[in-house]
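As structure tokens, the structure follows; a few thoughts come after it.
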Amino acid sequence: RRRLSVRPCGRTCTSRAAMGGRPDESLDVLLDLAIRAVAFGSRISVAVQAKHRGAGAQAWSSAKGDASPVTVGDWAVQCLIVEFLSVATGVGSDLRLVGEEDADLLKDGSRDAELQEVVALLNEHFPFAEAARLDRQAGARGVPRGRFTEPDVIALLQRGSDAGGREGRFWVLDPIDGTKGFIRDAQYAIGLGLVERGSPVLGVIGSPNLPAPGGDVTRRAEGEGWVFAGLGDWAGAIELGDCLRRCGCDAASGAAAAWREAFGRLHVAPCAAAEAVMCESFELSHRDGDGIRPRSELLSAMADRRLDSMSKYGLVARGDAHIYLRGGSRPTKRPETLWDHCPGIPIVLAAGGRATDLQGRPLDFGTGRYLTENHGILATNGTLHAEILAEIARVSEMATSDGGAEDKKRRMA
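Letter by letter, the sequence shown follows residues 11 to 423 in the numbering used here.
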């Protein structure tokens with residue numbers, strides 16, 4: 011595989027220690043820690059999926075308040091990454107993190123079996139040795155615990171409740187994005203991003219079931235899987251197995267440069283609109299919320315790849331697809347969450363792509379836990395972005411005009 015090294019970004023942050031890391035911690039250092047955290051999270055997710063493979067969804071998932079599913083994999087991955095980052099960055103319980111999951115379903119005693127399974131998974135798969143080594147280098151307040159307990163799990167899940175906002179630096183985590191795909195043994199992702207003063211500056215995505223470029227994304231790729239990362243003007247990808255092997259190496263001041271050398275450099279693929287491949291969500295409810303694509307001859311003629319999770323950002327960044335369209339442009343559409351998109355945006359941008367909402371506005375990650383100032387998501391290879399936005403605007407305006415005419419006809423009838 012071709013491996014390229016690029017100039018390190020060398021950017022630093024002077025925000026408080028209680029944010030995403032210590033005041034003197036550079037984004038290069040946090041890139042190293044984020045890659046390791048996502049790799050370890052991917053490893054525990056693979057173990058969960060293998061254990062429950064073949065079981066029905068009801069046997070190992072629960073419904074949250076919004077009817078979306080959650081599994082022991084979601085809880086275990088979030089706990090692992092929260093604990094790993096808390097120790098490795100040296101901020102302990104002061105870690106700022108916007109996480110998708112919480113402890114609500116595990117606190118009432120009705121899911122003791124799931125809670126006990128999360129504890130067992132953490133005690134078997136948490137990288138105790140690696141975290142202890144990083145702990146010494148970071149000067150953390152404590153050392154990793156040798157045994158996780160049920161109260162530990164509850165406490166770690168509750169530490170993902172940060173409100174976000176425009177101040178300082180905080181992490182954003184989706185422990186299992188595409189949980190329905192995870193349950194179906196299809197595509198899913200572990201996504202970790204870093205927001206600084208309202209903008210996503212770093213992103214890492216683990217896609218344990220994703221095939222090599224050009225492969226079939228509709229099924230699990232046995233023994234493959236990829237990790238994508240983006241920071242500044244650099245984006246790269248590495249096979250998950252290779253990434254995990256390299257996680258055994260000591261973290262040091264040059265670790266980010268070593269990762270850049272190991273990762274293959276990512277670049278979006280230029281193409282004409284007629285040749286473009288569009289990524290869409292596997293779940294119908296997450297696709298084109300306004301019905302834009304069926305009304306557009308240009309968009310409806312495009313080939314598509316449908317898969318769960320933010321792995322779609324990885325496909326655009328590595329040139330397997332050219333467009334990712336999600337949600338609707340109307341204000342009535344439920345706002346997108348930070349954790350569904352924060353990890354993928356830096357990767358696509360660093361690979362040469364572009365990302366806005368469906369009205370062409372910049373994505374604002376400083377509005378709390380939801381993108382309340384944006385409607386829908388459009389990520390492209392960059393060269394097609396203006397053309398796709400113009401087509402969306404044209405079709406939306408036509409639909410609004412047609413809708414008004416239909417309303418008038420009904421009133422006159």
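A virtual CB, placed ideally from N, CA and C, is assigned to each residue, including glycine.
Give me whichever residues DSSP pairs with PRO79 in a beta bridge.
-> In the sequence shown, counting from the first residue as 1, residue 79 sits at position 69. PRO79 pairs with ALA73.
What runs of the beta strand (DSSP E), each 3 residues or longer, lie entirely inside the region 207-273?
-> 209-217, 236-241, 244-249
Quick one: measure Cβ to Cβ for HIS425 and ALA47, integer angstroms, because I've assumed they're closer than 8 angstroms.
-> With the chain covering 11 to 423 only, the question about residue 425 has no answer from this structure.
Looking only at DSSP bridge pairs, what is MET288 linked to?
-> Stepping through the sequence shown from its first residue, residue 288 is reached at position 278. In the DSSP output, where bridge partners are listed per residue, MET288 has ASP314, ILE333.
Distance, Cα to Cα, PRO388 vs THR159?
-> For this step, residue 388 is matched to residue 378 along the sequence shown. For this step, residue 159 is matched to residue 149 along the sequence shown. Looking at the sequence provided, one finds Leu at residue 388 rather than Pro. Approximately 42 angstroms between the Cα atoms of the pair.
Note down the Cα distance separating ARG32 from ASP104, rounded to an integer number of angstroms.
-> On the sequence shown, position 22 is the one that residue 32 refers to. On the sequence shown, position 94 is the one that residue 104 refers to. For ARG32, the predicted structure reports a pLDDT of 49, less than 50, and the residue's modelled location is therefore unreliable. A value from the coordinates is still provided. Distance between the alpha carbons of ARG32 and ASP104: 10 angstroms.
What is the DSSP secondary structure of VAL6, counted as helix, strand or coil?
-> For residue 6 there is no data in the structure shown, the boundaries of the chain being 11 and 423.
Mind checking whether THR393 and PRO280 have CB atoms under 8 angstroms apart?
-> Start at 1 with the first residue of the sequence shown, and residue 393 comes out as number 383. Start at 1 with the first residue of the sequence shown, and residue 280 comes out as number 270. Against a cut-off of 8 angstroms, the Cβ pair of PRO280 and THR393 comes out as a contact.
Roughly how far, in whole angstroms, is the beta-carbon of ALA247 from the beta-carbon of GLY213, given that I think they are within contact range, below 8 angstroms?
-> Translated into the one-based positions of the sequence shown, residue 247 becomes position 237. Translated into the one-based positions of the sequence shown, residue 213 becomes position 203. Not a contact, Cβ separation roughly 12 angstroms.
Terminal residues of the continuous beta strand (DSSP E) containing LEU107?
-> Position 97 of the sequence shown holds residue 107. That run of the beta strand (DSSP E) goes 107-109.
With burial defined as no fewer than 16 other Cβ atoms inside 10 Å of the residue's Cβ, what is the status of GLU271: buried or exposed?
-> On the sequence shown, residue 271 is found 261 positions in, with the first residue counted as 1. The residue in question, GLU271, is exposed, as its Cβ has fewer than 16 Cβ neighbours within 10 Å.
Anyone know if the C-beta pair for SER306 and VAL211 falls short of 8 angstroms?
-> On the sequence shown, position 296 is the one that residue 306 refers to. On the sequence shown, position 201 is the one that residue 211 refers to. Going by C-beta atoms, SER306 is not nearer than 8 angstroms to VAL211.
Decide if the region 191-199 is in contact with the region 121-137; the criterion is three or more beta carbon pairs, one per stretch, under 8 angstroms apart.
-> no
Go through the region 85-132 residue by residue and report every complete run of the alpha helix (DSSP H) that reaches 4 residues or more, in order.
-> none
List the residues that DSSP assigns as beta-bridge partners of LEU8.
-> Since the first and last residues shown for the chain are 11 and 423, residue 8 lies out of range.
Classify GLU285 as buried or exposed, calling it buried when 16 or more other Cβ atoms lie within 10 Å of its own Cβ.
-> Residue numbering aside, residue 285 sits at position 275 when the sequence shown is read from its first letter. Exposed, by the Cβ-count rule.
Supposed contact pair GLY354 and ASP367 - C-beta distance, whole angstroms, cut 8 angstroms = Sequence index remark: in the sequence shown, residue 367 carries index 357 (1-based). Sequence index remark: in the sequence shown, residue 354 carries index 344 (1-based). In fact, because the Cβ distance is near 14 angstroms, the residues do not count as touching under 8 angstroms.
What is the DSSP secondary structure of THR159, reduced to helix, strand or coil?
-> As a working mapping, residue 159 is identified with position 149 in the sequence shown. In the structure shown, THR159 sits in coil (DSSP, three-state: anything other than H, G, I, E or B).
Provide the residue(s) that pair with THR393 in DSSP beta bridges, ordered along the chain.
-> To locate residue 393, count along the sequence shown from 1; it is residue 383. BP columns for THR393 are empty, so no partner.
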